[in-house]
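The next block holds one structure in the form of structure tokens; read it before the comments.
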Amino acid sequence: MKSRRLDYSESTRAALVDSAVDLFTKRGYAGTSLDEIAKRARVTKGALYHHFSGKQALFEAAFDAVETRFLERLHKILAGPESPWDRAINGLREFIKNCLDPTYQRIVIHEAPVVMGWERWREAEDQFSFGLIRSNLQALVDAGEVDEVPVEITARLLFGALSSAATAIAGSADPKKVGAEVEAVIVQLLNRIRRPGDDSASPAGTVTLRSWN
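No gaps in the numbering here: position 107 of the sequence shown is 1363 in this note's numbering, and each next residue is one more.
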């Protein structure tokens, strides 16, 4: 059983991270002060420094929180009862939906490469996302849904394409339009390695694309 002190410490940290996520989304890293984060979380600045060494450490915790929430939703989709192909398409759509979210756009796509540095950001993205792409592609190969492609390099190529797609969506004047275009292109790429299905009513490569408007 957790002690009350530990519960309070965890709730304080969570409040600080939630406050940071909200303020970094609205004002960006440069426009947000630690005083504002502590005030919104209703804790002292001393309590903030008990948990975090400074603003960058708090930003990285906010980044981790945003990525973790997204991955929790994605894990549920990829563990669903549908076929591996349908799970992959649904996962792609969840990714695009997430790229349209203002918090994900601001913290993960726009701010993180600058605040954390490009290499650190890429390492974090690799840690959070690449394993899921690789395991989902492996599931497609194992199920005979796609050709026996080299999984590691194919997953790397998809990871790079999706990372670039996220930047394109977030930087567009019409992100919903770009999101729809990203879905169409990625599905076409996957169809290149998809094996023909047995259901003549649903030929390989047929996917109903979603409108993001």
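Heads up, the beta-carbon is just placed ideally off N, CA and C, and yes, glycines get one too.
Because the structure is a prediction, the values reported are computed rather than measured.
What are the partner residues of residue i, as DSSP defines its beta bridges?
i	result
VAL1407	VAL1407 is not bridged to any residue.
ARG1450	VAL1402
Closer than 7 Å by C-beta to residue i: which residues in its own chain qualify, once you throw out the five before and the five after it? Chain order, please.
i	result
VAL1371	TYR1285, GLN1312 and PHE1315
VAL1322	VAL1277, THR1359, TYR1360, ILE1363 and VAL1364
THR1410	LEU1393
ILE1333	ARG1343, ASN1346, GLY1347 and GLU1350
SER1385	PHE1415
GLU1292	LEU1279
Does the Cβ-Cβ distance between residue i and residue j come in under 8 Å?
i	j	result
LEU1396	ALA1344	yes
ALA1426	ILE1365	yes
THR1268	ALA1303	yes
GLY1347	ASN1392	yes
GLU1401	ARG1349	no
ALA1424	VAL1438	yes
ALA1317	PHE1308	yes
LEU1290	LYS1282	no
Can you tell which of the options has the C-alpha that lies nearest to the C-alpha of residue i?
i	options	result
GLU1381	PHE1280, ILE1352, GLY1310 and PHE1415	PHE1415
ALA1276	ARG1362, LYS1353, PHE1351 and LYS1332	ARG1362
HIS1306	ALA1318, PHE1280, GLU1266 and ARG1329	GLU1266
ARG1390	TRP1374, GLN1383 and VAL1407	VAL1407
LEU1418	GLU1404, ASP1430 and LEU1445	LEU1445
LEU1330	GLU1292, GLY1387, THR1288 and ARG1448	GLY1387
ARG1448	LEU1413, ASP1403 and ASP1342	ASP1403
PRO1431	GLU1379, ALA1368, LEU1356 and VAL1405	LEU1356
LEU1279	GLU1367, SER1420 and SER1428	GLU1367
ARG1412	ASP1320, ARG1378, PHE1319 and GLU1338	ARG1378
GLY1470	GLU1292, PHE1319, LYS1353 and ALA1429	This structure cannot settle anything about residue 1470, because the visible part of the chain is limited to 1257 through 1469.
THR1324	GLY1310, GLN1383 and SER1420	GLN1383
SER1420	ILE1352, ARG1376 and VAL1405	ILE1352
Consider the Cβ of residue i: report whether some Cβ of chain C lies at a distance smaller than 8 Å.
i	result
GLU1338	Included in the structure is just one protein chain, with no chain C present.
Tell me which same chain residues have a C-beta within less than 6 Å of the C-beta of residue i, skipping the five on either side of it?
i	result
PRO1340	ALA1395, LEU1396, ALA1399 and GLU1401
ALA1297	ALA1271, LEU1272 and SER1275
ALA1201	This structure cannot settle anything about residue 1201, because the visible part of the chain is limited to 1257 through 1469.
THR1288	LEU1279 and PHE1280
Suppose the cutoff is 8 Å on Cβ atoms and the five residues either side in sequence are ignored; what does the same chain contact list for residue i look like?
i	result
VAL1299	THR1268, ALA1271 and LEU1272
SER1428	VAL1434
GLU1338	ASN1346
If you scan the region 1307-1380 from start to end, which runs of the alpha helix (DSSP H) of 4 or more residues do you find wholly inside it?
-> With a minimum length of 4 residues, the unbroken runs of alpha helix (DSSP H) contained wholly in the region 1307-1380 fall at 1311-1334, 1340-1355 and 1368-1371.
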